[in-house]
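Asks:
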């Protein structure tokens, strides 16, 4: 088993390119199934969730070739509609294959989504949207089966702006006959990226970037090449590490427009940011200031960065409050942070943090992807050595977190335990 070893108390300095977006590339890979042909996706992050999705696509009959950070997918051999249980159970993104498989093969079967244990991941909105488009859904035990002769355009209204439900409905709508209107759609940047990818294959979508999408379905699709933008959560993680340790960074490859909600959190810590269309430069002097944050759908503060900001608040110069409104188990990281000296009290959906600097460092165990990244940030702000176990969670979303931070001046290494 791999363990991350950190010697903290070093400021970060340098410039780097941010990896491709995990949350964007997985639905793009799923949407490739809508077209019978060849798709090339560039700036692919080499992370475990991508490898898992490749495994699933190959099991369904597709040909995949990953060279460096470029993935070629040949979907002409798609012949199976059942997502393998073992691979599908490893990540929640497997559920987004329902829409594309229904569109191509008129049937789909998958297990309930797996991934990190950070709270309930209801998929009722996914299934309700597909049913309104003519799909018949059967659920037995841990298996979901869906059938549809031909998907039909529909007027959909999502009671909550679920990213996954929006993605599934959007992909199904591209394949459906007629016009689909999605009211209450999620506005996360990953939705915009998915829309742009579908457009690059020949789909017609209006309202991109808004909460009301109109999809003109049934259009003939074609081969394309598409480049995935940088990962806004990885960028936010490294900016959080900067806030906790001090220093100066310049990050390339992430559109500044994708970072809404994160800017306000960084501003509260005292981190000074300047940005261009594809470049973020930030400087942090001294200890972070306390924060008052509340997670929510985009453009609010992202739940994927809540654990990271909890680590930053643990070394802040004062009293912070962070409210979690999306996943109730995100605060599991607090128990690990308390082991190394963080003063955190959890009451209901809020964490109350009295900052203390530096943290002590020690043996820590990651239990989810973003929580694991938060423990790395905490280790960077600790006076003694930290050893972080559970690297398999972190590698689901970070291509080389140790190499990246080493290049920025941190003393961090991945070792075999």
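Residue numbers (the numbering used here): 1 to 417.
C-beta atoms are modelled at their ideal positions from N, C-alpha and C, and glycine is treated no differently.
Please go through the same chain and pick out, in chain order, the residues whose beta-carbon is closer than 6 angstroms to the beta-carbon of residue 357, but skip the five residues on each side of it.
Replies: Translated into the one-based positions of the chain shown, residue 357 becomes position 357. For residue 357, where only same-chain residues beyond five positions count, the Cβ hits under 6 angstroms are 287, 315.
Asks: Does the count of Cβ pairs from the stretch 36-52 and the stretch 67-77 closer than 8 angstroms reach three?
Replies: yes
Asks: Terminal residues of the continuous beta strand (DSSP E) containing residue 331?
Replies: Residue mapping note: residue 331 aligns to position 331 of the chain shown, counting from 1. Per DSSP, residue 331 belongs to no beta strand (DSSP E) and is neither H nor E.
Asks: What distance in whole Å lies between the Cβ atoms of residue 215 and residue 170, which are believed to be in contact at a cut-off of 8 angstroms?
Replies: Locating residue 170 in the chain shown gives position 170, counting from the first residue. Locating residue 215 in the chain shown gives position 215, counting from the first residue. Going by Cβ atoms, the distance from residue 170 to residue 215 rounds to 6 angstroms, so yes, they are a contact pair.
Asks: Could you say which of 2, 11, 3 lies nearest to residue 284 if we only look at CA atoms?
Replies: Position 284 of the chain shown holds residue 284. Ranking 2, 11, 3 by Cα distance to residue 284 puts 11 first.
Asks: Could you tell me the alpha carbon to alpha carbon distance between residue 247 and residue 32, rounded to whole angstroms?
Replies: For this step, residue 247 is matched to residue 247 along the chain shown. For this step, residue 32 is matched to residue 32 along the chain shown. Their backbone Cα atoms lie some 41 angstroms apart in a straight line.
Asks: Near residue 101, which residues of its chain fall below 6 angstroms by C-beta distance, leaving aside the five closest residues on each side in sequence?
Replies: Stepping through the chain shown from its first residue, residue 101 is reached at position 101. Cβ within range, chain order: 81, 108.
Asks: Return the chain-ordered list of same chain residues with a C-beta closer than 7 angstroms to the C-beta of residue 132, the five sequence neighbours on each side being excluded.
Replies: For the purposes of this step, residue 132 is taken as residue 132 along the chain shown, with counting starting at 1. The answer, listed in chain order, is 154, 156.
Asks: From what residue to what residue does the alpha helix (DSSP H) around residue 192 run?
Replies: The residue labelled residue 192 in the question sits at position 192 within the chain shown. It spans 189-200 - the alpha helix (DSSP H) in which residue 192 sits, taken as one unbroken run.
Asks: Counting C-beta neighbours from all protein chains within 10 Å, is the total for residue 160 16 or more, i.e. buried, or is it exposed?
Replies: Counted from its first residue, the chain shown places residue 160 at position 160. That one is exposed.
Asks: Taking the continuous beta strand (DSSP E) assigned at residue 411, which residues delimit it?
Replies: As a working note, residue 411 is residue 411 in the chain shown. Counting along the chain, the beta strand (DSSP E) containing residue 411 begins and ends at 411-416.
Asks: Select from 21, 6, 7, 1 the residue whose C-alpha is nearest the C-alpha of residue 236.
Replies: Within the chain shown, numbered from 1, the residue matching residue 236 stands at position 236. Considering only alpha carbons, the answer is 21.
Asks: Looking only at its chain, what residues have a beta carbon closer than 8 angstroms to the beta carbon of residue 56, apart from the 5 residues adjacent to it on each side?
Replies: Within the chain shown, numbered from 1, the residue matching residue 56 stands at position 56. Only 83, 84, 87, 88, 94, 97 meet the Cβ criterion.
Asks: Ends of the alpha helix (DSSP H) at residue 321?
Replies: Within the chain shown, the letter at position 321 stands for residue 321. Not the alpha helix (DSSP H): residue 321 falls in the beta strand (DSSP E), residues 319-323.
Asks: Suppose only complete runs of 3+ residues qualify. What are the beta strand (DSSP E) ranges in the stretch 64-123, listed by chain order?
Replies: Counting only runs of 3 or more, we get 70-74, 107-111.
Asks: Counting C-beta neighbours from all protein chains within 10 Å, is the total for residue 120 16 or more, i.e. buried, or is it exposed?
Replies: The residue you call residue 120 lines up with position 120 of the chain shown. Confidence at residue 120 is low in this model, with a pLDDT of 44, below 50, so the placement of that residue is unreliable and no value is reported for it.
Asks: By the DSSP assignment, the beta strand (DSSP E) with residue 345 in it spans what residues?
Replies: Residue 345 sits at position 345 when you count from the first residue of the chain shown. Per DSSP, residue 345 belongs to the beta strand (DSSP E) from 343-347.
Asks: Taking all protein chains shown into account, decide if residue 65 is buried (16 or more other Cβ within 10 angstroms of its Cβ) or exposed.
Replies: Start at 1 with the first residue of the chain shown, and residue 65 comes out as number 65. Exposed, because fewer than 16 other Cβ atoms sit within 10 Å of the Cβ of residue 65.
Asks: By alpha-carbon positions, which one of 290, 7, 257 ends up nearest to residue 276?
Replies: Stepping through the chain shown from its first residue, residue 276 is reached at position 276. The shortest Cα separation from residue 276 among 290, 7, 257 belongs to 257.
Asks: If we define contact as Cβ-Cβ less than 8 angstroms, is residue 17 a contact residue for chain B?
Replies: Absent from the structure: chain B. Only one protein chain is present.
Asks: Please list, in chain order, all residues of the same chain as residue 252 whose beta carbon is under 6 angstroms from its beta carbon, the five residues on each side excluded.
Replies: The sequence position of residue 252 within the chain shown is 252, counting from 1. Result list for residue 252: 17, 279, in chain order.
Asks: What I want to know is whether the C-beta of residue 331 ends up closer than 7 angstroms to one or more non-hydrogen atoms of the ligand MN.
Replies: Among the components of this structure there are no ligands whatsoever, and the ligand MN is therefore not found.
Asks: Where does residue 369 sit, in a helix, a strand or coil, going by DSSP?
Replies: In the chain shown, the residue the question calls residue 369 occupies position 369. Helix, per DSSP.
Asks: If I follow the unbroken beta strand (DSSP E) through residue 160, where does it start and stop?
Replies: As a position in the chain shown, residue 160 is number 160, starting the count at 1. It is not in any beta strand (DSSP E) - residue 160 carries neither H nor E in the DSSP assignment.
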